[in-house]
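In my numbering, the protein residues as written are 1 to 114.
Idealized CB from N, CA, C, for every residue including glycine.
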């Protein structure tokens, strides 16, 4: 299988909240990896490929809780894993230090935890 990702994934265990742009309800998820272009999550509710979403991430760095501002994206893939679900989110914008410094900080944190 050919790797299609444009950016290196960084593995991290963190909390993320996600909601469909059609909904006002946030869903708690577990972030498992992140890159400048997107992220993969585990969750208890199904999402559909192509669905437009908003995401925010919470992680602990240096004993401090960091919460990112919201970033929009699209569900690229989703699958059921027993009674839970996994999904990949492609961000609408490529993350960099200037446009999403808080998410960039999360990437730097994940990069330092090899």
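- Rounded to whole angstroms, the separation of the alpha carbons of residue 17 and residue 68 is 10 Å.
- Counting C-beta pairs closer than 8 Å gives three or more between the stretch 81 to 94 and the stretch 58 to 72, which meets the contact rule.
- Between residue 47 and residue 62, the alpha-carbon positions lie close to 33 Å from each other.
- One thing to note: residue 53 has its Cβ within 9 Å of the Cβ of residue 21.
- Comparing alpha-carbon positions, the option among 11, 40, 10 and 51 lying closest to residue 19 turns out to be 51.
- Of the candidates 29, 66 and 85, 66 places its Cα closest to the Cα of residue 106.
- Ranked by Cα distance from residue 82, the first of 103, 44, 26 and 113 is 44.
- Within the stretch 20 to 47, the complete beta strand (DSSP E) segments at least 3 residues long are 27 to 34 and 38 to 43, listed from N- to C-terminus.
- Take the alpha-carbon of residue 14 and the one of residue 49: they are about 22 Å apart.
- The Cβ atoms of residue 10 and residue 76 lie no closer than 9 Å to each other.
- Between residue 34 and residue 60, the C-beta spacing is not below 9 Å.
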